[in-house]
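Read the structure below first, then the notes.
2 protein chains.
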Amino acid sequence: MITHPAYTVEPWCLRETRLDLDVIAQSESLFALSNGHLGWRGNLDEGEPHGLPGSYLNGVYESHPFPYAEPGYGYPEAGQSVINVTNGKVIRLLVDDQPFDVRYGQLTAHERVLDFHDGLLRRKVQWISPGGKDIRVHTRRLVSLSQRSIGAICYEVEALDQSVRLVMQSELVANETLPRRGIGDPRDSAALVAPLMTEEHTSGGTRVSLLHHTAISGLRLGVAMDHLIDGPASAQVSCASMPDLGRVTVSATLQPGQRLRVVKFVAHGWSAVRSQPAVRDQVAAALAGAMTSGWDGLIAEQRSYLDDFWGGADVEIDGDPAVQQAVRFALFHLLQAGAKAEGRAIASKGLTGPGYDGHAFWDTETFVLPVLTYTAPKAAADALRWRHSILPAARARAVQLGLRGAVFPWRTIAGAECSGYWPAGAAAFHVGADIADAVVRYIDITGDECFAQEVGLELLADTARLWCALGHYDPHRRFRIDGVTGPDEYSAVADNNVYTNLMAQHNLVSAADAAAQYPDQARSLGIDPSEGQRWRDAAAAMVIPYDDALGVHSQDEGFTSHELWHFDQTGADQYPLLMHFPYFDLYRKQVVKQADLVLAMQLRGAAFTAEEKIRNFAYYEALTVRDSSLSACTQAVLAAETGHLDLAYDYLTEAALMDLDNLEHNTRDGLHTASLAGTWIALVQGLAGLRESNGNVIFSPQLPLGIIRLAFTIRVQGRRLHVEISPGATQYRLRDGAPLTSLHDGRPITVTTGVAVSEPNRELPQRTAPTQPAGRVPRRHRRD
Amino acid sequence: MITHPAYTVEPWCLRETRLDLDVIAQSESLFALSNGHLGWRGNLDEGEPHGLPGSYLNGVYESHPFPYAEPGYGYPEAGQSVINVTNGKVIRLLVDDQPFDVRYGQLTAHERVLDFHDGLLRRKVQWISPGGKDIRVHTRRLVSLSQRSIGAICYEVEALDQSVRLVMQSELVANETLPRRGIGDPRDSAALVAPLMTEEHTSGGTRVSLLHHTAISGLRLGVAMDHLIDGPASAQVSCASMPDLGRVTVSATLQPGQRLRVVKFVAHGWSAVRSQPAVRDQVAAALAGAMTSGWDGLIAEQRSYLDDFWGGADVEIDGDPAVQQAVRFALFHLLQAGAKAEGRAIASKGLTGPGYDGHAFWDTETFVLPVLTYTAPKAAADALRWRHSILPAARARAVQLGLRGAVFPWRTIAGAECSGYWPAGAAAFHVGADIADAVVRYIDITGDECFAQEVGLELLADTARLWCALGHYDPHRRFRIDGVTGPDEYSAVADNNVYTNLMAQHNLVSAADAAAQYPDQARSLGIDPSEGQRWRDAAAAMVIPYDDALGVHSQDEGFTSHELWHFDQTGADQYPLLMHFPYFDLYRKQVVKQADLVLAMQLRGAAFTAEEKIRNFAYYEALTVRDSSLSACTQAVLAAETGHLDLAYDYLTEAALMDLDNLEHNTRDGLHTASLAGTWIALVQGLAGLRESNGNVIFSPQLPLGIIRLAFTIRVQGRRLHVEISPGATQYRLRDGAPLTSLHDGRPITVTTGVAVSEPNRELPQRTAPTQPAGRVPRRHRRD
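Going down the list, the protein sequences come from chains A and B. Quick note: the first sequence uses UniProt numbering, first residue 1, plus one each step. Quick note: the second sequence uses UniProt numbering, first residue 1, plus one each step.
Structural data, given as structure tokens:
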């Protein structure tokens, strides 16, 4: 069993039983609470010590000019960076004359528990102050899944052996000092160091509110807090506000055994267009709503929301407690990332940290949305509606680049391209096809016709138009897409990347199908039948490079002619390679950062024969170094499909433990949302073999030795399907709704409520396990 | 005849007969004086008005940090920019109470003449002050070709109708205010705005000196001036110095017809290592030397130097006065760029302006050095010795990039890579082969064995080693060089660029030959015979992409499969394309910025059949937009070789008039040194068909209609060969030395002093002229 240094392995929670300041920033990410709109990192209530203080509102960013040593046409002029908004989590405590600070005095007990069932972060601390006063602090924190503007904290402190004089300061802190990033880092620019300009601050009673705006992006932010105080009758309450600080102070003397309990309600709001009074009122209204629910009401709503989620999303795995914990941790955080995003992006770190500047990438559509589509479909729809909302920016970018249709940004918060390195960023046009793929999957799996007509068709059409503008027919009427960058960031600007071309093909056909299905909407979007035919023609003529001599697909034209990377001369300390070798060297050799052709075999499986998959997987395994967290889960899926179950499981656990074990040493900056999704992908698309085919779900289940049961529930077309895999057979149960037809190992099955269907699992022949580059074999995972 | 708006067409000078302030910056470049060590732009003596004040010392630069929106391994951390050193040209004049400033009062006569025979810039001005005083100013200026530290000015002023009270201020001005470049331009950084830090300033008598250093690059600069004054006995002289200003003031009252004449001697010096006293003394010594020569001595030395130069370099063309002027203008400026560089680079703008940050590129070896090799061979050797001197930096760069041998920088002043965009810069490894090509040509044409052993072999070996590290053998034992950028900057990071591979092939074979020729030196450089054999093997196995279907070479692998650029949809105002289209779009389509494959056909002509040259030239003509000044001359050469003489002549004149007609609208930033060289290349390598073959020179002369005679002298192996082409025949005369064997149209000829050899010119069949992209046909040049 994997033993986390600081976290116990439990099925329904993440528990920390000692406070290790060396990994405090990692813990802050793991214990982050979010609802997709508001994110609170797991900072200690008293604010310090901290690794990285963080409170985020989805969509709130500041712009900063992009510097270039040599500028070029079409380069983005400015970046967008997520900013740390006003911190509403802070509750400081003075114990006699000593601030409660775990770096001083003596921490005699510490526990934090993030509960996946009820969505609360609990903390229990016992502390002896440097002056010898013994207290117990018990806090519960939530970011509401039912009221998107609301975070709340129930803070209880108890005097133990002696009476103590307590002063509790519940605060709103704007423009917190953050750790510097590094010399010359453009994100240390003045605009980002103290991004919030004050507009107003008010206080009265137990209530304080602050309003700010950002200087360049021009967003207005409001935050307000109110409190319910329960303590000795002699307790005194006062409040104060300053431009960057709001404070409610409670002073009390507690006798031994006596308690002071404060419930803090914090409401956040922001707008790019609404006026100061409007934002002020919006925040006050949200706060009033939360106060009406009260603390008990909020936690009941939270539990109810999560019960509903788990009822359609839980994954059980018998035989591996660590993976059991990891997959629930992953699903919980994926829900947190998307639940209430409502028209904003799901960023690559969710709202758990400032990594990647808070940007959303293609990861969302390719890794996160498949999971949400099957487990929290409304969140998936919301994320795609965000893409739809930035179509104007994507169309403008296409015009700027001399193209047609929509060019979605490689990385963005609000829609503008924010990639400062075009070969890896702006040339990765596959993001458009990834969005289209997510649209098609969402529509197929949910049957959401309204979405298909309002959002889906237009996204499909504008992405399809891009491929027609980007590609061209060669003299033999083959459709080529030259000079683009596929998923593998160790290749760039290559011709006919197989992944890109296959995804574009799917994009084109899906757009044509959708236009045929919704002719009225198609007409209103200016799609005439000849355009649909052009899409089909391009798809049919798509070039897919194949190396006859090697008997494998070439990741792009010429790739298999390139020199093999000298893995035997590359030391373990030279990974990730991009930190130790120049791009030009990586680009010109056969070395793969992350699944590219292998991802194509997952997402466009029907485009490959089983034999091709086996050969391709083996060939690219030997080249793939997994310097990206967006690789292990895909390798798990294809390892499983090609009959390498143990290898699949090793990749599965790598994806699953990415953040819990801090495998890439950067969990401090936020969770790897796509890798969290990869845990589910590796289990459900890998071991259970879930795919979509003609709008239906299909399965090819198998279990590696040692895993005695894998069970999960997914939402399909408004119904919940429960799948339970044993070593020899798989049982399908429909929890609700009309009968569902599916395939098990290629055989049709129909599942009806109340009747379990059991099917034997296939048995794959033993095959020689593929090899990885020297030193890049995945960690062998012992299952207990 | 081309009529320059401001310059008359004369065979031996450039003359400006009116002062047009709209083109003053262009004039400053055209009238720049330089000796390769010190450069003075043609600023007016009185300093203002100016377009761009400029005084440069070869090798003097300041560093400035390079910003990156997204940093990457191996990116240069700092740039190097040429700085404007202390201006020693300034002589201000107060006429009664009015400063002599042509923007005020009345300029009744103006003439400036740059004389290619004596190397002087003469200025004659007649001016009526706003107060009605009439004066005549006559100045002569030189930058000495014999004393590299020295510039000098003879300044004469005469009172005409009335007596005038004159105050003349001869100055040294440090940290002049320069025009700003643009918002956010990193070269407007503080380090470059006022780059000179004062160290000392002294004055006494008619003499002032200033010492400064640069803050980051740590270079020490000294400048001193002294004067000879000849005027009325009542003239008063005083002097003063401040940290950034030295001034000698001469006050006199001139009666009508009376003159004041001041000769100003300015000595510059700099060092990266020498102490303050040492640099101070070095400058004082140089000044003493110049004072000893005196003004007349300096102009006599200048004339003598130039007589010697023209005796081995002149080009005469009968039938086109504008081109006659242009080729002498070009040769004069090429000499100025390289004459006394002595261990420093020849920058792309010489020392005529700050364009391209004062960097040297591959242009020097590929365009400038062939001309200097045949006309001023010592300057060519010096430039290559500079490359040899930066070998340590080039080897360190190779190590940084994981390669072996030497990686010469794409652009640099002092040796460090200064390219901020690696796909166009750092991946253009052909620079190494270009240097090797220049080394081989220099050795072959001069027979300089000492250079070959001291410098040549090591340069050839270290560049050859790079190709072995960069390329690899595919399974069929073909040697591939993948992922590099050739000369055409509208393609990047492509596999097996024909130009690069052919130049690398030549580099490898030449290195092996040199190692065999100098076995002792080879051994001392660690080259064993097996390494030489590896070089030959790689050269023999080199992949040269050829498109069988089209019957042409593919510029790189895949190039001819790419979409054709939509020239018919590209407007005239969308050139240069890189200002209006993103790189990714240019890279992925068939569009050529500048000769690439066509340059390969010039430099590696024997690698192509005559038929291949005809087909290739026609194919690439239709794709080449000449958005670079490094193209027209090469197209001229191949147009001539493939029998399109009129087209060749059009390209010839484009190269010739690049700066005189300001064709690229940026002559203000300095002259296009490579295009100046292109004038000679187009005439001598184009019309006369000069090539090298097995160490001999060969000719294939022909003249377009209207050109009745082309004659030129070149230096070959210590001798001067005079070639005179008439429409029907060519006459060869050896001016001195042992008999010389050559080829005329493939037939061997031997030329002996005193005996002219006459050979008939070949007649090429009429062929259909190739076409250019819409709107990119070269300007038709009318010859009178």
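The beta carbon of each residue, even a glycine, is placed where N, CA and C say it ideally should be.
Check                                                                                                              : Outcome
Alpha carbon of A/Arg-136 to alpha carbon of A/Gln-169, nearest angstrom                                           : 17 Å
For residue 788 of chain B, three-class secondary structure by DSSP                                                : Coverage of chain B is limited to positions 1 through 784, which leaves residue 788 of chain B absent and any answer about it impossible.
Interface partners of B/Arg-720 on chain A, CB under 8 Å                                                           : Within chain A, no residue comes near B/Arg-720; the closest Cβ sits about 44 Å away, beyond 8 Å.
Residues that B/Cys-450 bridges to, as DSSP identifies them                                                        : B/Cys-450 is not bridged to any residue.
Spatially closest choice to A/Pro-739 from A/Asn-696, A/Asp-230 and A/Val-440, by CA coordinates                   : A/Asn-696
Neighbouring residues, chain B, relative to A/Gly-420 (Cβ below 8 Å)                                               : Tyr-68, Ala-69 and Glu-70
Outcome for A/Pro-765 when other beta-carbon atoms lying within 10 angstroms are tallied against a minimum of 16   : exposed
Residue range of the beta strand (DSSP E) that includes A/Thr-730                                                  : 729-734
Cutoff 8 Å: B/Pro-423 Cβ touching any chain A Cβ                                                                   : yes
Bounding residues of the beta strand (DSSP E) (the contiguous stretch that carries A/His-37)                       : Where A/His-37 is concerned, there is no enclosing beta strand (DSSP E), given that its DSSP letter is neither H nor E.
CB contact check: B/Tyr-651 to chain A, cutoff 8 Å                                                                 : no
Three-state secondary structure assigned by DSSP to B/Asn-696                                                      : strand
Pairwise C-alpha distance: B/Pro-232 and B/Thr-3                                                                   : Residue placement at B/Thr-3 is flagged as unreliable, the pLDDT there being 46, under the threshold of 50; the coordinate-derived value follows with that caveat. If I take the Cα positions, the gap works out to 44 Å.
Environment of A/Arg-477 [buried if 16+ CB atoms lie within 10 Å]                                                  : exposed
Cβ-based contacts, 7 Å cut-off: residues of the stretch 493-507 of chain B near chain A                            : Val-493 and Asp-495
Buried versus exposed call for A/Tyr-442 [16 or more other C-beta atoms within 10 Å across all chains shown]       : buried
For B/Trp-127, the three-state DSSP class (helix, strand or coil)                                                  : strand
Coarse secondary structure for B/Gly-415, derived from DSSP in three states                                        : coil
Helix, strand or coil at B/Phe-712 [DSSP, three-state]                                                             : strand
Burial state of B/Ala-272, where buried means 16 or more other Cβ atoms lie within 10 Å                            : exposed
Any 3 or more C-beta pairs closer than 8 Å across the stretch 118-131 of chain B and the stretch 93-110 of chain B : yes
Check whether A/Thr-172 and A/Gly-88 have beta carbons under 8 Å apart                                             : A small correction: the amino acid at residue 172 of chain A is Leu; Thr does not occupy that position in the sequence shown. Yes.
The stretch 374-407 of chain A: positions lying closer than 9 Å to chain B by Cβ                                   : Gln-400, Leu-401, Gly-402 and Leu-403
Bounding residues of the beta strand (DSSP E) (the contiguous stretch that carries B/Thr-202)                      : 196-204
Partners in chain A for B/Met-579, counting only beta-carbon separations shorter than 7 Å                          : Tyr-73
Sequence-distant residues of the same chain with beta carbon closer than 7 Å to B/Val-95, five excluded per side   : Ser-129, Lys-133, Ile-135, Val-164 and Leu-166
Closest residue to A/Val-371 among A/Asp-573, A/Ala-339, A/Pro-354 and A/Arg-18 (Cα-Cα distance)                   : A/Ala-339
Rounded separation between B/Ile-317 and B/Thr-741 - CA only                                                       : 25 Å
Option in A/Asp-307, A/Ser-144, A/Leu-219 and A/Trp-40 with minimal Cα separation from A/Leu-287                   : A/Ser-144
Coarse secondary structure for A/Tyr-7, derived from DSSP in three states                                          : strand
Whole-number beta carbon distance between A/Ala-436 and A/Thr-463, since they are thought to touch under 8 Å       : 5 Å
Outcome for A/Leu-705 when other beta-carbon atoms lying within 10 angstroms are tallied against a minimum of 16   : exposed
Straight-line gap, A/Arg-691 to A/Leu-630 (C-alpha atoms, nearest Å)                                               : 19 Å
Proximity to B/Met-225 [Cα-Cα], best of B/Arg-261, B/Ser-251 and B/Phe-265                                         : B/Phe-265
Where the alpha helix (DSSP H) through A/Asp-281 begins and ends                                                   : 276-311
Residues in the stretch 561-590 of chain B having any Cβ partner in chain A nearer than 8 Å                        : Ser-561, His-562, Glu-563, Leu-578, Met-579, His-580, Phe-581, Pro-582, Tyr-583, Phe-584, Asp-585, Tyr-587, Arg-588 and Lys-589
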